[in-house]
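Under this note's numbering, the first residue of the sequence shown is numbered 3, with each subsequent residue one higher.
Ideal Cβ positions, reconstructed from N, Cα and C, are used throughout, including at glycine.
Note that this is a predicted model, so its numbers are computed, not measured.
The block underneath contains the structure these notes are about, expressed in structure tokens.
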Amino acid sequence: MTTRRALVTGAGHGIGRAIAAKLAAAGYIVGVLDLNAQNAESVAGELEGAMALVADVTDAQSIDAALDAFGTAPNLLVNNAGIVHFGPVIEESLDDFVRVITVNLIGCYIASRQAVQRMSAGDHIVSITSINDRTPAPGSGAYPAAKAGVRQLMRQLAVELGDRRIRANSVCPGFIDAGMSEPIYANAKIRTARSAAVPVGRLGTAQDVANAVAFLDSEAGSYVNGHELVVDGGVIHTLLKHLPRD
Ligand code: NAD
3 MTTRRALVTG
13 AGHGIGRAIA
23 AKLAAAGYIV
33 GVLDLNAQNA
43 ESVAGELEGA
53 MALVADVTDA
63 QSIDAALDAF
73 GTAPNLLVNN
83 AGIVHFGPVI
93 EESLDDFVRV
103 ITVNLIGCYI
113 ASRQAVQRMS
123 AGDHIVSITS
133 INDRTPAPGS
143 GAYPAAKAGV
153 RQLMRQLAVE
163 LGDRRIRANS
173 VCPGFIDAGM
183 SEPIYANAKI
193 RTARSAAVPV
203 GRLGTAQDVA
213 NAVAFLDSEA
223 GSYVNGHELV
233 VDGGVIHTLL
243 KHLPRD
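Here you go:
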């Protein structure tokens, strides 16, 4: 099999960094794309066959320049770049709401749109959503709406790009002890309570998410298309466990 080339957005930190490392270890040529130049360069420097690409997923020209610098089209695009702005959705500023939708949803659309123009049969898009794509979390602003949009966008791409034999899938992480959630789990009380709430008894890791991405892009995952792979230790199914019974 020829060497696959993967472009991972938001790969300078957290989950994206773990995805880039997992793919590089599996022999991919990896584009470590991030808005933060220092982090992109540092991660790319740690990985065999990796290249730092400084770009903003909300800017099509910036993404095109990164694709040009990467050279040949990516066989795998991982839309991982994302932000969250905490607070009740109705109380946050319009600017904050729009920014979260812009980075998470429109950024995913822009990177996919620009990459697909260069992709061919056998290529693949995987987007990192969240269990918030189906379960709103109080106090998480526009984030659940943005992730629900990403999930549906991947389904649409799976259908529209089928004729070109390009697949599109999502990975939906749950409580992950990495990246943007690190400050949450620095609180020991929250850490213990959330770990206990997960059927498998622990928080997830960035590696758990990276493993799911690698599976979907592998030969073993090659018939999976338009799917959302939930990586949450089963926490999404625990609603009825918390309701009293007589
Ligand atoms: P993180 O903050 O550690 O990393 C996000 C990266 O994206 C950063 O390196 C940042 O510089 C980059 N980025 C932000 N805006 C960008 C832009 N406009 N263009 C290019 N790069 C940009 O966050 P993380 O926790 O690793 O999150 C990665 C993905 O996983 C996100 O999509 C997030 O929504 C999702 N997710 C995270 C968790 C979690 O608990 N950590 C859970 C579910 C889903």
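Extent of the continuous beta strand (DSSP E) run through residue i
i: G33; result: I31 to D36
i: A139; result: Here A139 belongs to no beta strand (DSSP E), and DSSP marks it neither H nor E.
i: R169; result: R169 to P175
i: M156; result: Premise fails: M156 lies in the alpha helix (DSSP H), Y145 to E162, not in any beta strand (DSSP E).
i: I127; result: H126 to I130
i: N81; result: L78 to N81
Own chain residues within Cβ distance below 7 angstroms of residue i, not counting five before or after
i: A62; result: I112 and Q116
i: R153; result: T131, D135, S172 and E230
i: I186; result: I192
i: G51; result: A26, I31 and V32
i: L55; result: G33, V34, L35, A42, A68, A71 and F72
i: A39; result: V56
i: R196; result: F177 and L205
i: T194; result: none
i: G203; result: S197
Closest Cα partner of residue i within the set the options
i: L37; options: V45, Y30 and I31; result: V45
i: H87; options: A195, G143, P138 and R120; result: G143
i: T11; options: N106, P138, G47 and R157; result: N106
i: R120; options: L9, L49, V237 and K243; result: L9
i: G164; options: A13, V91 and D125; result: D125
i: N213; options: S95, R247, C174 and P246; result: C174
i: G223; options: I127, L96 and A188; result: I127
i: L49; options: A13, D66 and A83; result: A13
Beta-carbon spacing of residue i, residue j below 8 angstroms
i: V211; j: G235; result: no
i: G181; j: I17; result: yes
i: V34; j: A42; result: yes
i: A26; j: Q209; result: no
i: L79; j: S122; result: no
i: T60; j: T104; result: yes
i: P90; j: G141; result: yes
i: V118; j: G228; result: no
Contact with chain B by residue i, beta-carbon distance below 8 angstroms
i: I108; result: Within the model displayed, chain B is absent; a lone protein chain is all it includes.
Where the alpha helix (DSSP H) containing residue i begins and where it ends
i: P185; result: E184 to Y187
i: R115; result: G109 to V118
i: E230; result: From DSSP, E230 is part of no alpha helix (DSSP H) but of the beta strand (DSSP E) over E230 to V233.
Proximal residues to residue i (C-beta, below 6 angstroms), its chain only, five neighbours per side dropped
i: L129; result: According to the sequence shown, residue 129 is Ser rather than Leu. Only N81, C110, V152, M156 and S172 meet the Cβ criterion.
i: E221; result: none
Cβ shell of residue i (< 8 angstroms), same chain only, five flanking positions each side left out
i: S64; result: A57 and D58
i: V226; result: R169, N171 and L218
i: K24; result: Q209, A212, N213, V215 and A216
i: L102; result: Rather than Leu, the amino acid found at residue 102 in this sequence is Val. For V102, where only same-chain residues beyond five positions count, the Cβ hits under 8 angstroms are I85, V86, H87, G143, A144, Y145 and A148.
i: I238; result: I133, R136, T137, G176 and V232
i: G47; result: A54
The ligand MG: which residues have Cβ under 6 angstroms from any of its heavy atoms, chain order?
The ligand MG is not part of the structure shown, which contains the ligand NAD as its ligands.
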